[in-house]
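Colleague:
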Amino acid sequence: MAALCESFTLCGLGPGAGVGLGGGLLALEPGPEPDHVLLTDRGRTATLFKVSDQKPLGCWSVKHRQIITCPVVCNFETHEYVAVHDDKVLRIWKNQDINLDKVFKATLSADVYRIHSLPNGGPVVLFKGGGVRTLDVLLEAPQQEIENIISDEVIKWSEAFIEGQQHILMFATEKDGDFFVYVQKLKTNSLHKYQLEQQELSKPTSFTAYIKNQMITLLCLYSNYSVYKVLIPLQQNTEDEQQTLPKSLLLNLSVSGSVLKATSFVVLDKDHVAVLGSLAASGEESKECLTIWNTKFQTLQTSKELPLGTSGQLWCYEEKFFFTHGKVLTVMMYKCETSSLAAAVGKLKDSQTPDVSSFVDWNTLGNEELVASPQSQPSVALKSESKMTLRSKRNTVAKVQPDTLSVGQRLIKLKDVSTTVFEEELRQLMSKAQMPDFQATIGCVITALVNRCKTNPKYYPQNLLLQIVQTRDLSYSLCPDLMAVALEKKDVHLLQICLQRFPDIPEEIIYACLQVFLSISEACLQRTDVNLESISSYIDTEFDDKEVKTEVVENGFNAELEQDICDSKSPEETRVPGDGESCPVGPQKAALLNAVLSSAYSETFILPHLKNLPAQQAVLFLRYLYYLHVKCSEKIDTTLPGKHSPAINQIVDWMCLLLDAHFTVMVMLPEARELLSKLHKFVRAQVRFYSELNKIEGSLQELQRLNHQKDCQTYSIEVLELI
278 MAALCESFTL
288 CGLGPGAGVG
298 LGGGLLALEP
308 GPEPDHVLLT
318 DRGRTATLFK
328 VSDQKPLGCW
338 SVKHRQIITC
348 PVVCNFETHE
358 YVAVHDDKVL
368 RIWKNQDINL
378 DKVFKATLSA
388 DVYRIHSLPN
398 GGPVVLFKGG
408 GVRTLDVLLE
418 APQQEIENII
428 SDEVIKWSEA
438 FIEGQQHILM
448 FATEKDGDFF
458 VYVQKLKTNS
468 LHKYQLEQQE
478 LSKPTSFTAY
488 IKNQMITLLC
498 LYSNYSVYKV
508 LIPLQQNTED
518 EQQTLPKSLL
528 LNLSVSGSVL
538 KATSFVVLDK
548 DHVAVLGSLA
558 ASGEESKECL
568 TIWNTKFQTL
578 QTSKELPLGT
588 SGQLWCYEEK
598 FFFTHGKVLT
608 VMMYKCETSS
618 LAAAVGKLKD
628 SQTPDVSSFV
638 DWNTLGNEEL
648 VASPQSQPSV
658 ALKSESKMTL
668 RSKRNTVAKV
678 QPDTLSVGQR
688 LIKLKDVSTT
698 VFEEELRQLM
708 SKAQMPDFQA
718 TIGCVITALV
728 NRCKTNPKYY
738 PQNLLLQIVQ
748 TRDLSYSLCP
758 DLMAVALEKK
768 DVHLLQICLQ
778 RFPDIPEEII
788 YACLQVFLSI
798 SEACLQRTDV
808 NLESISSYID
818 TEFDDKEVKT
828 EVVENGFNAE
838 LEQDICDSKS
848 PEETRVPGDG
858 ESCPVGPQKA
868 ALLNAVLSSA
878 YSETFILPHL
888 KNLPAQQAVL
898 FLRYLYYLHV
908 KCSEKIDTTL
918 PGKHSPAINQ
928 IVDWMCLLLD
938 AHFTVMVMLP
948 EARELLSKLH
958 KFVRAQVRFY
968 SELNKIEGSL
978 QELQRLNHQK
988 DCQTYSIEVL
998 ELI
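Going by our numbering, the sequence shown opens with residue 278, and the numbers climb by one from there.
#1: Mind pulling the alpha helix (DSSP H) runs of 4 or more residues that sit fully within the segment 908-993?
#2: For the segment 392-399 against the segment 416-430, are there 3 or more C-beta pairs whose distance is under 8 Å?
#3: Run the CB neighbour count on residue 321, radius 10 Å, all protein chains shown included, and call it buried at 16 or more, exposed below.
#4: Just tell me which of 897, 307, 566 has its CA closest to the CA of residue 792.
#5: Sorted by chain position, which residues of the same chain lie with C-beta nearer than 6 Å to residue 777's C-beta, five sequence neighbours on each side aside?
#6: From residue 824 to residue 966, what distance separates their C-alpha atoms?
#7: My output table needs one value for residue 413: the three-state DSSP class, helix, strand or coil.
#8: Under the DSSP definition of a beta bridge, which residues are partnered with residue 335?
#9: Using CA atoms only, rank isn't needed, just tell me which of 304, 541, 927, 438 is closest to residue 397.
#10: Tell me the DSSP secondary structure of residue 746 in three-state form.
#11: Return yes when at least one heavy atom of the ligand MN lies under 7 Å from the C-beta of residue 347, else no.
#12: With residue 437 as the anchor, note down where its beta strand (DSSP E) starts and where it stops.
#13: Mapping the DSSP letters down to three states, classify residue 783 as helix, strand or coil.
#14: Using a Cβ-Cβ cutoff of less than 7 Å, which residues in the same chain neighbour residue 283 once the five nearest sequence positions on both sides are dropped?
#15: With DSSP as the reference, label residue 764 as helix, strand or coil.
#16: Does DSSP put residue 345 in a helix, in a strand, or in coil?
#17: Okay, do the segment 501-508 and the segment 435-455 touch, 3+ Cβ pairs below 8 Å being the bar?
#18: Relative to the C-alpha of residue 739, which residue among 724, 358, 768, 889 is closest?
#19: Spatial neighbours of residue 876 within its chain, please: C-beta separation below 7 Å, excluding the five flanking residues on both sides.
#20: Since residue 872 is in the alpha helix (DSSP H), which residue starts that stretch and which ends it?
#21: So, at 8 Å on beta carbons, what are the nonlocal neighbours of residue 879 in its own chain, with the 5 sequence-adjacent residues on each side left out?
#22: Who does residue 554 pair with in a DSSP beta bridge?
#23: Apply the 10 Å Cβ neighbour rule to residue 747 and answer buried if 16 or more other Cβ atoms are within range, or exposed otherwise.
#24: Report yes if the CB atom of residue 328 is closer than 8 Å to the CB atom of residue 507, and no otherwise.
#25: Specify the secondary structure class of residue 379 as computed by DSSP and reduced to three states.
#26: Helix, strand or coil, according to DSSP, for residue 490 in the structure here?
#27: Alpha carbons only, please: which of 512, 475, 478, 412 is nearest the one belonging to residue 490?
#28: Tell me, which residues are paired with residue 443 by DSSP?
#29: By the DSSP assignment, the alpha helix (DSSP H) with residue 882 in it spans what residues?
#30: Would you mind sorting residue 886 into buried or exposed? The rule is 16 or more other CB atoms within 10 Å of its CB.
#31: Please report the straight-line C-alpha distance between residue 420 and residue 306, rounded to a whole angstrom.
#32: Between 460, 535, 606, 411, which has its C-alpha nearest residue 333's C-alpha?
#33: With DSSP as the reference, label residue 545 as helix, strand or coil.
#34: Mapping the DSSP letters down to three states, classify residue 778 as helix, strand or coil.
#35: With 16 other CB atoms within 10 Å as the buried threshold, where does residue 744 fall?
#36: Specify whether the segment 478-488 and the segment 461-470 touch according to this definition: at least 3 beta carbon pairs, one from each stretch, less than 8 Å apart.
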């Protein structure tokens, strides 16, 4: 089973991208750390990115009129970067270097095709003539003569591997329509040459390979849009004259009669490959897409349309795809699980959209598939069973009491009953706390309620749903449609409870809740039942349309500092005399926003959604975050009292997220500029305050040491001078 997951933009590729990638990408290589990648453009620039933060960590360029001709790689042993420009000029530098004109330089005697860097073996340099040198050997004598092995052949592809203690370099060449494969073992300095079996009317356009159990598996994408497999044993007894390698068809890239015109592909595991190309049905315009194929069962597992077009390049590192999409470099996560026939033919449910049957023990809940699929026909199933059952057995079944029926059977019987009977029966089901697979039963019950809400828009059992969520340990994955229905109904109380109790809510749903909470009016919220536990200790729940009173709290700042922090006020805000900063939202909305702040999320996945938040809502949310930050700073332990109250690190993280997503917009909005200024002053004041504390830290530690040494038995007064 394979699936394409969330995607995000790593960087722009246009002239205004700011990272020198306007000319397109030459290559993408792994960086010095697991989360880092090196991008080399088709010009003068190489950029190091941290993928999870989507930001550049370093950028280096060669001089004008120089061109990087070989992708930049990282030397994993020395944490240096290695590049070649103008075919023969080798450059080596470190992170702290800025000007490449001042770093190590060596001019080589032959043109370089590619540098491959191995984690435990250092970089390996492949020359255009087929010669191979390790970087260490090459640096001993940069002008050493490099042999020409392939004469008139042209290198089309190369890759390096580690198998055991062996370092292996493999490359494919072409001459007059014939293709050859070379395997170079660096340790023994042995070279084997093979010829690929010819294919009528088609030729290889792309290659990839992997090694397992001393066997190289070379995959070739041909111009007839088929993938062929070639096996090359690493153990060769003699250096015989070149052998012809037979190939076997691995995969036909066709979908319902339409051919996927592939441009590049990568191997994901032994049963899956990813292919980038364009697919066109007869009479329709071709559409570029990213696909994952199961090579074991010859099936298309999943695909993603790319309407903005691609460059035809595809890279894969750490279960992430990297490809250009329009004018940006896109990162897309994927997952591959153990290959099975059910997954290959699409009968295995995707874990992202779990079915009720996924959580059911068939031995105890039997027939749950009927509940999971409203389209199933129970009457047909019962009819089929009756044909295979003895008359005596049918008589026994007819006498079965409702208590002995499985959960699935009982829910089927409740399909057409009245609402009152329906809810009463569901409560009886949930009351059997000792029964096996209790969580699965609750999931089935919620699914039944949600399905009834979908079929009957007027039906919405809010109290029953709240009771279930508040009293049971559930998760989003157990009932994924529940929050979707609550969002549709704008049931903010249920959404609040779900945010507080569900540990696995997707970022898309968290953002949807935030948008609903910010958009709903204060007047409407005053008539809504909301849990105020998270704000009752620092916001007065007596809400008034004109102002929101706040608790008076002693703080560690002096009056002058407070005046410096809050020396300006926007016209929209009202200040309560003597009560300090007023809350920009009502208590109900504050409690709902606190539920969002306390939810678990990934910055990578939620940031793209936050960029879609309307500007006015973003400003209001930032005002509330600023208010919370001030409140936290008034406390000695910087912790807000109350149950489900957000921590200061959560508040700061959300402020950073919101500013990252909307900083340009907020700078342009007049009503936001003053808020940004206040944020700047507040942070500056806190930095100054903690800086003063750091200055006396040594003196306080010395004072503590002196107090431990002295044991005063009688009353005494001591004066200590801090210098």
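No residue lacks a Cβ here, since even glycine has one placed at the ideal position from N, Cα and C.
Modeller: In terms of the structure at hand:
#1: 925-945, 947-972, 974-986
#2: For the pair of segments examined, the segment 392-399 was found not to touch the segment 416-430: the number of CB pairs separated by less than 8 Å stays below three.
#3: Here the question's residue 321 lines up with position 44 in the sequence shown. With 16 or more Cβ atoms within 10 Å of its Cβ, residue 321 is classed as buried.
#4: Your numbering for residue 792 matches position 515 in the sequence shown. Measuring from the Cα of residue 792, the nearest candidate turns out to be 897.
#5: On the sequence shown, position 500 is the one that residue 777 refers to. The answer, listed in chain order, is 872, 921.
#6: Residue mapping note: residue 824 aligns to position 547 of the sequence shown, counting from 1. Residue mapping note: residue 966 aligns to position 689 of the sequence shown, counting from 1. Model confidence at residue 824 stands at a pLDDT of 39, short of 50, so the residue's coordinates are unreliable and nothing is read from them.
#7: Looking up residue 413 in the sequence shown gives position 136. Helix.
#8: Taking the sequence shown and counting its residues from 1, one reaches residue 335 at position 58. Beta-bridge pairing links residue 335 to 325.
#9: Residue 397 sits at position 120 when you count from the first residue of the sequence shown. Measuring from the Cα of residue 397, the nearest candidate turns out to be 438.
#10: Residue 746 sits at position 469 when you count from the first residue of the sequence shown. Residue 746: helix per DSSP, three-state reduction.
#11: For the structure depicted, the ligand MN is absent and the ligand set is empty, with no information on it obtainable.
#12: As a working note, residue 437 is residue 160 in the sequence shown. 431-440 is the extent of the beta strand (DSSP E) around residue 437.
#13: Numbered from 1 along the sequence shown, position 506 holds the residue referred to as residue 783. Residue 783 falls in the coil class under three-state DSSP.
#14: The residue given as residue 283 occupies position 6 in the sequence shown. Once the five neighbours on either side are set aside, the close Cβ partners of residue 283 are 610, 882.
#15: By 1-based counting over the sequence shown, the position of residue 764 is 487. Of the three classes helix, strand and coil, the one that applies to residue 764 here is helix, per DSSP.
#16: Position 68 of the sequence shown, counted from the first residue, corresponds to residue 345. Strand.
#17: Because the criterion of three Cβ pairs below 8 Å is not met, the segment 501-508 and the segment 435-455 do not touch.
#18: In the sequence shown, counting from the first residue as 1, residue 739 sits at position 462. Closest option to residue 739, Cα to Cα, is 768.
#19: Translated into the one-based positions of the sequence shown, residue 876 becomes position 599. Answer for residue 876: 776, 782, 787, listed in chain order.
#20: The residue you call residue 872 lines up with position 595 of the sequence shown. Segment 864-874, the alpha helix (DSSP H) holding residue 872.
#21: In the sequence shown, counting from the first residue as 1, residue 879 sits at position 602. Only 784 meet the Cβ criterion.
#22: Translated into the one-based positions of the sequence shown, residue 554 becomes position 277. Paired residue(s): 539, 566.
#23: Taking the first residue of the sequence shown as position 1, residue 747 is located at position 470. Exposed, by the Cβ-count rule.
#24: Translated into positions along the sequence shown, residue 328 becomes position 51. Translated into positions along the sequence shown, residue 507 becomes position 230. Pairing residue 328 with residue 507 gives a Cβ-Cβ distance that is not under 8 Å.
#25: Translated into the one-based positions of the sequence shown, residue 379 becomes position 102. Helix.
#26: If you number the sequence shown from 1, residue 490 lands on position 213. Of the three classes helix, strand and coil, the one that applies to residue 490 here is coil, per DSSP.
#27: Within the sequence shown, residue 490 is the residue found at index 213, counting from 1. Considering only alpha carbons, the answer is 512.
#28: Numbered from 1 along the sequence shown, position 166 holds the residue referred to as residue 443. 440.
#29: For the purposes of this step, residue 882 is identified with residue 605 of the sequence shown, where counting begins at 1. Per DSSP, residue 882 belongs to the alpha helix (DSSP H) from 880-887.
#30: As a first step, residue 886 must be located in the sequence shown, where it is residue number 609. Per the 10 Å Cβ criterion, buried.
#31: Start at 1 with the first residue of the sequence shown, and residue 420 comes out as number 143. Start at 1 with the first residue of the sequence shown, and residue 306 comes out as number 29. Roughly 27 Å between the two C-alpha positions.
#32: Translated into the one-based positions of the sequence shown, residue 333 becomes position 56. The candidate whose alpha carbon is nearest that of residue 333 is 606.
#33: Taking the first residue of the sequence shown as position 1, residue 545 is located at position 268. Strand, per DSSP.
#34: In the sequence shown, the residue the question calls residue 778 occupies position 501. Correct three-state label for residue 778: helix.
#35: Taking the first residue of the sequence shown as position 1, residue 744 is located at position 467. By the neighbour-count rule (16 or more Cβ atoms within 10 Å), residue 744 is not buried but exposed.
#36: At 8 Å Cβ cutoff, the stretches do not touch.
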